[in-house]
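Q:
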Amino acid sequence: MNSRIPTQASFFYSGNWIKEMDYVLLTTLIEMRNGLGRDDGAFPNFMIRLCVKLLNRRFGCELTCSDVNTRLMVLKQRYETFKKLVATHGVRWEHADNIVVAPEGVWRGVLMLNPFAGAYYHRDEPHFNELATIYGYYDVKVEAATEVITISDNTELIVITDTVEPNAPVRGRVKQLDVDLDEVNSPSPGAACRVRRKLFQVEPVNLDMDHLSSSKSPSRVIPAKKLTGSSPKGSSGASCSPLPTSRKTAP
1 MNSRIPTQAS FFYSGNWIKE MDYVLLTTLI EMRNGLGRDD GAFPNFMIRL
51 CVKLLNRRFG CELTCSDVNT RLMVLKQRYE TFKKLVATHG VRWEHADNIV
101 VAPEGVWRGV LMLNPFAGAY YHRDEPHFNE LATIYGYYDV KVEAATEVIT
151 ISDNTELIVI TDTVEPNAPV RGRVKQLDVD LDEVNSPSPG AACRVRRKLF
201 QVEPVNLDMD HLSSSKSPSR VIPAKKLTGS SPKGSSGASC SPLPTSRKTA
251 P
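As structure tokens, this is what we get:
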């Protein structure tokens, strides 16, 4: 370990500012922000003024709103520096031991790019949880949800047709269609692109459409069966019984 690198306190604290003041400032801001339902890293002026009064009363100092705002800028720099450090290739953060482990060659490269990273040469960030609660809001990256479509290896029999005619062609093989991939998940596909799944085995039915149309087919008369002894006039209401003797006509 390089003993020429200063301690963490020499990077973080100067003047009357001490470690305990950082903790009080961060936890107070988190509590007030949660009470207001805020979830970003911006703090209104009235919150800063309340923190100034609290710090001055508890630690007997004479801070101003400018002092607190400057301190918040330093705390944000600490958070961003530590995050970038532990994300560097070859650097490992040992949470249990509160140290950052890396080969000396890696440390030399890191310190050349950012000398402030030397603050974490001897130990990790003591207020990382509080800093992540406040400034971690900016780490959230919102991406569009990706829908995964699983294609089965089994061939499924699908009827693809533009008509409702029962004898539509049946295709049992995969065919590449010239469609726009952006329109695959369209909620309202056109009527000319209907896809009907053949869920059951249906026997083909031959329908003669010419015979189903009454306007084009000639009328068919089915002769009625002639009954023995019936009246020669189908609409006659007379009885089929023989006339009585008294009503027979004289020869």
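In the UniProt record's numbering, the protein residues as written are 1 to 251. Backbone N, C-alpha and C fix where the C-beta goes; we use that ideal spot for every residue, glycine too.
Which residues does DSSP list as the beta-bridge partners of VAL101?
A: ARG92.
Q: Return the Cβ separation of LEU25 and TYR79 in integer angstroms, given the expectation that the two are a contact with Cβ distance under 8 Å.
A: Contact flag wrong, Cβ pair sits at about 14 Å.
Q: Can you tell me the Cα-Cα spacing of SER66 and ASN45, whole angstroms?
A: Going by the C-alpha atoms only, they are around 11 Å apart.
Q: Candidates GLY15, LEU75 and HIS122: which alpha carbon is nearest ASP97's?
A: Out of GLY15, LEU75 and HIS122, HIS122 has the C-alpha closest to the C-alpha of ASP97.
Q: DSSP state of TYR23, grouped into three classes?
A: Helix.
Q: Give the straight-line distance between the Cα atoms of LEU85 and VAL91, rounded to the nearest whole angstrom.
A: Cα to Cα, LEU85 sits roughly 7 Å from VAL91.
Q: Indicate, with yes or no, if the ligand HEM has a heavy atom lying under 8 Å from the CB of THR70.
A: With respect to small molecules bound, the structure shown includes none, and the ligand HEM cannot be examined in it.
Q: Would a C-beta distance cut-off of 9 Å place LEU63 and ASP22 closer than the cut-off?
A: Result no, Cβ atoms of LEU63 and ASP22 do not sit closer than 9 Å.
Q: Going by DSSP, what residue range makes up the alpha helix (DSSP H) through ASP67?
A: Element bounds for ASP67: 65 to 86.
Q: Once DSSP output is grouped into helix, strand and coil, what is the label at ASN114?
A: It is coil, neither helix nor strand.
Q: Nearest-angstrom Cα distance between LYS19 and ALA87?
A: Answer to the nearest angstrom: the Cα atoms are 25 Å apart.
Q: Within this structure, are the beta carbons of THR133 and ILE30 separated by less than 9 Å?
A: Cβ distance < 9 Å, so THR133 and ILE30 count as in contact.
Q: Do you know offhand how far ALA102's Cα is from ARG38's?
A: Approximately 37 Å, taken between the alpha carbons.
Q: Buried or exposed: where does LEU157 fall if 16 or more other Cβ atoms within 10 Å of its Cβ makes it buried?
A: Note on LEU157: pLDDT 46, under 50, position unreliable in the model; the coordinate value appears next. LEU157 comes out exposed.
Q: Figure out for me which residue from ILE99, GLY109, MET73 and ASN129 has the closest Cα to the Cα of TYR120.
A: When each option's Cα is compared against that of TYR120, the closest is ILE99.
Q: Buried or exposed for LEU113, please, with buried defined as at least 16 other CB atoms from any protein chain shown within 10 angstroms of its CB.
A: LEU113 comes out exposed.
Q: In this structure, how does DSSP classify GLY136 when only helix, strand and coil are distinguished?
A: Note: GLY136 maps to helix in three-state DSSP.
Q: Given a cut-off of 9 Å, decide if LEU55 and CYS61 are closer than it, judged by their beta-carbon atoms.
A: Yes.
Q: Output the distance between the C-alpha atoms of PHE82 and PHE12, rounded to the nearest integer angstrom.
A: In a straight line, the C-alpha of PHE82 is about 13 Å away from that of PHE12.
Q: Could you tell me how far apart the beta carbons of LEU111 and GLY105 are, in whole angstroms, since I believe they sit closer than 8 Å?
A: That pair is no contact at about 11 Å.
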